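This report concerns only the one structure given below.
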Amino acid sequence: MRKIIAPLIIGAALSTAFAADDSLKQEIEALKTQMAELKSAQSKMNIDALRAQVTEIKAHDAGDNIKWNVDFRTSYDVIDYKITDGSKTDNAIWTNKLILGMAAQPADNLVFKGALGVYKTFGQNNINDTSMFQGFDWYGTQKPGDDSIKLREAYFLYFGDMGDVHYSASFGRRPSVDGFMTNLRADNENPASPVGHNINMEFDGASFKFDLDKVTGISGMYIKLCLGRGFSETTGAYSQGTAGFNPAYIKDGMNPNMDLAGLLMQFYDDGQYKIMANVFKGWNMMGVGMELADQSLTRFYDVGDMTGASLSLQVNGIGNGINDFLDDSVFFISYAVNKTDPNNVPVNTYSGSMVTAINYGMSGAGMLGSTEKETGSSIYTGVQVPGIMAGQRLGLEYNHGSKYWRSFTYGEDTLAGSKLATRGDAYEIYYILPIVKKNLTAQLSYVYMDYNYAGSDMFFGQTGNPEGLMGMMPYVESASNIKASIRYRY
Amino acid sequence: MKKVIGLVISAFFILGLMSTSAFADSAKGQKYYLKYMKNDSGMNGAKFATQHTQAEWKALFEGKGEKFIAEYSKKFPALEGFLKGDKFEKFMPDIKDFCLEFASDSGNVPSC
Numbered sequence: 001m002r003k004i005i006a007p008l009i010i011g012a013a014l015s016t017a018f019a020a021d022d023s024l025k026q027e028i029e030a031l032k033t034q035m036a037e038l039k040s041a042q043s044k045m046n047i048d049a050l051r052a053q054v055t056e057i058k059a060h061d062a063g064d065n066i067k068w069n070v071d072f073r074t075s076y077d078v079i080d081y082k083i084t085d086g087s088k089t090d091n092a093i094w095t096n097k098l099i100l101g102m103a104a105q106p107a108d109n110l111v112f113k114g115a116l117g118v119y120k121t122f123g124q125n126n127i128n129d130t131s132m133f134q135g136f137d138w139y140g141t142q143k144p145g146d147d148s149i150k151l152r153e154a155y156f157l158y159f160g161d162m163g164d165v166h167y168s169a170s171f172g173r174r175p176s177v178d179g180f181m182t183n184l185r186a187d188n189e190n191p192a193s194p195v196g197h198n199i200n201m202e203f204d205g206a207s208f209k210f211d212l213d214k215v216t217g218i219s220g221m222y223i224k225l226c227l228g229r230g231f232s233e234t235t236g237a238y239s240q241g242t243a244g245f246n247p248a249y250i251k252d253g254m255n256p257n258m259d260l261a262g263l264l265m266q267f268y269d270d271g272q273y274k275i276m277a278n279v280f281k282g283w284n285m286m287g288v289g290m291e292l293a294d295q296s297l298t299r300f301y302d303v304g305d306m307t308g309a310s311l312s313l314q315v316n317g318i319g320n321g322i323n324d325f326l327d328d329s330v331f332f333i334s335y336a337v338n339k340t341d342p343n344n345v346p347v348n349t350y351s352g353s354m355v356t357a358i359n360y361g362m363s364g365a366g367m368l369g370s371t372e373k374e375t376g377s378s379i380y381t382g383v384q385v386p387g388i389m390a391g392q393r394l395g396l397e398y399n400h401g402s403k404y405w406r407s408f409t410y411g412e413d414t415l416a417g418s419k420l421a422t423r424g425d426a427y428e429i430y431y432i433l434p435i436v437k438k439n440l441t442a443q444l445s446y447v448y449m450d451y452n453y454a455g456s457d458m459f460f461g462q463t464g465n466p467e468g469l470m471g472m473m474p475y476v477e478s479a480s481n482i483k484a485s486i487r488y489r490y
Numbered sequence: 001m002k003k004v005i006g007l008v009i010s011a012f013f014i015l016g017l018m019s020t021s022a023f024a025d026s027a028k029g030q031k032y033y034l035k036y037m038k039n040d041s042g043m044n045g046a047k048f049a050t051q052h053t054q055a056e057w058k059a060l061f062e063g064k065g066e067k068f069i070a071e072y073s074k075k076f077p078a079l080e081g082f083l084k085g086d087k088f089e090k091f092m093p094d095i096k097d098f099c100l101e102f103a104s105d106s107g108n109v110p111s112c
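Same order as they appear, the protein sequences are chains A and B.
Counting in my numbering, the first sequence runs from 1 upward without gaps.
Counting in my numbering, the second sequence runs from 1 upward without gaps.
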């Protein structure tokens, strides 16, 4: 039996081995074919041509260390004023506004950001001749003027971690226009640095930010120290004195450096609820002097210091899943205060004599028309909800300012003057519609400002007098601004 | 002037009729990330989005985002509840848009 079984087993084993050998051979043949195909494909590839192409791309991109973006808008503004003497005046203006954004990140912990801007009226290039304030540094790309390119933003950010505290340090011209809350009416997705209720203007300075969310366990918590210089006391090159040319860039002995230091605090941000506050102090605020004999403006003076603060809440998505409309609605409310500290230096002259102006009781001393410390306040609230069709937005805003309210909102993009500086009531309704996604949008807005006092949106000395300049000059009683615009961004 | 105002306002509403239909919104995606995902991932939005290239995000969000849900449920188990819920399905296009906009090869430079 064994003699029969053993050859059978050996036979079966050998036949299986031969079968396996055949299968292996087939697999090897298939692999050989694949290899041949790969080799053939590889030989068809022109490696040298690819290398040349890559070199060409590298040579082309070498030194291209800025990424650019474009924000271009054409607007039609209709502005209307009613003056306290009963007169009325209006105008309709077409403007072009171009902002060229720049960005670069040469290292993981270093970023550069910048923006150049031109905001001009149609067919007018000598508009700066119409006013000594037109070319002011605080709103170079936020008020329409001539066609010169101005620096809107330029700063670097250096960041890192100190334990659980992420920090950033930055110097340069700040991203200080259209900040928290006011970014909604400006249709900017991301707010710039400040609280837009009381700070909205271009300035140079520095910031130091510390994220405290990990150490406190409070979502989104951070503090940011902001420093700015709103005016530098210096002459230029080749300025002339009584004895010929002055040395370059010396103090002119007129308005001293105007500085601002503020602390921005984000107490909480979980994506839905956001609470922010700021406190600040401004030193050597500007007020303009007058020659009373012909009522002309002379020069700027330091009229004193000012402190201010704000507390703001934004709710991005009302309720929690009640319905799509509320989920996509934004509500905000903010309260702000300011307090003056005048130095009571006389600023006016009469026929060139300051003493005569003082003797007439019209020295122009004080801040906001008062030689006392005055306090002002403002409330600002608004809502932005979905529009009729998908992607469209409807916004409603209201703000009220008291007699001595003074904001730093000179850079607000409202031709009729900053609505947030209003001493009285201001209302706004706007509608935003995307035409080609967010790359081409249109916006229609109407702002109405009903002033209870004079001096809104003016400087810090006598021109900010709530009773009117020298307590007697007529002033704007109400103003309105309709704006229709179309905007390209990419 | 009234005629011009009338014309401009009419043009505005005509543009409204021509406007694009619904589109994903990266700003909304960022908001949803902050609200529903940041705490459990322990990363800020910019850091989260740079974990993948745009092509990788597109692959992860394919279909109903099954691969994204699987990867991030495994990485951050505390996120599983949100990722497998109705809200994620609803917000996914915006979250995807946010991830694409700030992906590692997006060229986007963070603000801070």
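Here a beta-carbon is modelled for each residue, glycine too, at the ideal position from N, C-alpha and C.
Note that this is a predicted model, so its numbers are computed, not measured.
{"Asked": "Is DSSP giving tyrosine 427 of chain A helix, strand or coil here?", "Found": "strand"}
{"Asked": "Between lysine 437 of chain A and chain B, is any beta-carbon pair separated by less than 8 angstroms?", "Found": "yes"}
{"Asked": "Once you ignore the five residues that flank aspartate 450 of chain A on each side, which residues in its own chain have a CB closer than 6 angstroms to its CB?", "Found": "Gly424, Asp425 and Ser478"}
{"Asked": "So, at 8 angstroms on beta carbons, what are the nonlocal neighbours of proline 256 of chain A in its own chain, with the 5 sequence-adjacent residues on each side left out?", "Found": "Glu233, Asn284 and Asp302"}
{"Asked": "Measuring CA to CA, which of A:Ser170, A:Tyr446, A:Asn439 and A:His400 is closest to aspartate 413 of chain A?", "Found": "A:Tyr446"}
{"Asked": "Does the beta-carbon distance from glycine 117 of chain A to tryptophan 68 of chain A come in below 8 angstroms?", "Found": "no"}
{"Asked": "State buried or exposed for isoleucine 378 of chain A, treating a residue as buried only when at least 16 other CB atoms are found within 10 Å of its CB.", "Found": "Checking the sequence shown, residue 378 of chain A turns out to be serine, not isoleucine. With 16 or more Cβ atoms within 10 Å of its Cβ, serine 378 of chain A is classed as buried."}
{"Asked": "Got a sec: which bits of the segment 263-275 of chain A sit with their beta carbon under 9 angstroms from any beta carbon on chain B, in order along the chain?", "Found": "Asp269, Asp270, Gly271 and Gln272"}
{"Asked": "How many angstroms separate the CA atom of aspartate 90 of chain A from the CA atom of alanine 11 of chain B?", "Found": "22 angstroms"}
{"Asked": "Show which residues of chain B have a CB atom less than 8 angstroms away from the CB atom of asparagine 316 of chain A.", "Found": "Lys31"}
{"Asked": "Is any beta-carbon of chain B found at less than 8 angstroms from that of serine 219 of chain A?", "Found": "yes"}
{"Asked": "Could you tell me the boundaries of the alpha helix (DSSP H) in which aspartate 355 of chain A lies?", "Found": "The sequence given here places valine at residue 355 of chain A; aspartate does not occur at that position. Per DSSP, valine 355 of chain A belongs to the alpha helix (DSSP H) from 354-359."}
{"Asked": "Could you work out which residue in A:Asp71, A:Phe245, A:Ile79 and A:Gly395 is closest to glycine 417 of chain A when comparing CA atoms only?", "Found": "A:Ile79"}
{"Asked": "Given leucine 100 of chain B, which residues of its chain have a CB within under 6 angstroms of its CB, disregarding the five upstream and five downstream residues?", "Found": "Gln54 and Trp57"}
{"Asked": "Going by beta-carbon coordinates alone, are methionine 330 of chain A and glutamine 272 of chain A separated by less than 8 angstroms?", "Found": "The amino acid at residue 330 of chain A is misidentified as methionine; the sequence shows valine. For valine 330 of chain A and glutamine 272 of chain A, no; Cβs fall outside 8 angstroms."}
{"Asked": "Distance cutoff 8 angstroms, beta carbons only. Does proline 110 of chain B sit that close to anything in chain A?", "Found": "yes"}
{"Asked": "In chain B, what lies closer than 9 angstroms to glutamine 384 of chain A by C-beta?", "Found": "The contacting residues do not exist; glutamine 384 of chain A stays about 12 angstroms from chain B at best."}
{"Asked": "Straight-line CA distance for glycine 114 of chain A to glycine 376 of chain A?", "Found": "34 angstroms"}
{"Asked": "Between which residues of its own chain and threonine 235 of chain A is the CB-CB distance below 8 angstroms, once the five residues before and five after are set aside?", "Found": "Asn246, Ala248, Tyr249, Ile250, Lys251 and Asp252"}
{"Asked": "Assign glutamine 30 of chain B to one of three DSSP states: helix, strand, or coil.", "Found": "helix"}
{"Asked": "Alanine 27 of chain B touches chain A at which residues, Cβ-Cβ below 8 angstroms?", "Found": "Glu189 and Asn190"}
{"Asked": "Quick one: Cα of asparagine 399 of chain A to Cα of leucine 110 of chain A, how far?", "Found": "39 angstroms"}
{"Asked": "Could you tell me the alpha carbon to alpha carbon distance between lysine 575 of chain A and glycine 163 of chain A, rounded to whole angstroms?", "Found": "Here chain A covers residues 1 to 490 and nothing more, so residue 575 of chain A does not appear."}
{"Asked": "Taking only beta-carbon positions, decide if glycine 534 of chain A is within less than 8 angstroms of chain B.", "Found": "The first residue shown for chain A is 1 and the last is 490, placing residue 534 of chain A beyond what the model contains."}
{"Asked": "With a cut-off of 8 angstroms, does the C-beta of lysine 47 of chain B fall near any C-beta of chain A?", "Found": "no"}
{"Asked": "Would a C-beta distance cut-off of 8 angstroms place phenylalanine 300 of chain A and glycine 287 of chain A closer than the cut-off?", "Found": "yes"}
{"Asked": "Can asparagine 200 of chain A be considered in contact with the ligand ZN, in the sense that its beta carbon sits closer than 7 angstroms to one or more heavy atoms?", "Found": "Of ligands this structure carries none, so the ligand ZN is not represented either."}
{"Asked": "Is the beta carbon of glycine 230 of chain A less than 8 angstroms from the beta carbon of phenylalanine 203 of chain A?", "Found": "yes"}
{"Asked": "Name the chain A residues that come within less than 7 angstroms of glycine 107 of chain B, Cβ to Cβ?", "Found": "Lys67"}
{"Asked": "For a contact meaning CB atoms closer than 8 angstroms, what does alanine 186 of chain A contact in chain B?", "Found": "What alanine 186 of chain A touches in chain B: nothing, since even the nearest Cβ is about 14 angstroms away."}
{"Asked": "Are three or more beta carbon pairs between the segment 349-362 of chain A and the segment 388-398 of chain A nearer than 8 angstroms?", "Found": "no"}
{"Asked": "Check the Cβ-Cβ distances between glutamine 105 of chain A and every residue of chain B, and say whether any is below 8 angstroms.", "Found": "yes"}
{"Asked": "For the putative contact between serine 75 of chain A and lysine 97 of chain A, defined by C-beta atoms under 8 angstroms, what is the C-beta separation to the nearest angstrom?", "Found": "7 angstroms"}
{"Asked": "Relative to the alpha-carbon of threonine 84 of chain A, which residue among A:Ala484, A:Tyr453, A:Thr463 and A:Gly262 has its alpha-carbon at the smallest distance?", "Found": "A:Tyr453"}
{"Asked": "Using a Cβ-Cβ cut-off of 8 angstroms (strictly less than) and excluding sequence neighbours within five positions of proline 110 of chain B, which residues of its own chain qualify?", "Found": "Ala46 and Phe102"}
{"Asked": "Taking only beta-carbon atoms, is valine 111 of chain A less than 8 angstroms away from chain B?", "Found": "yes"}
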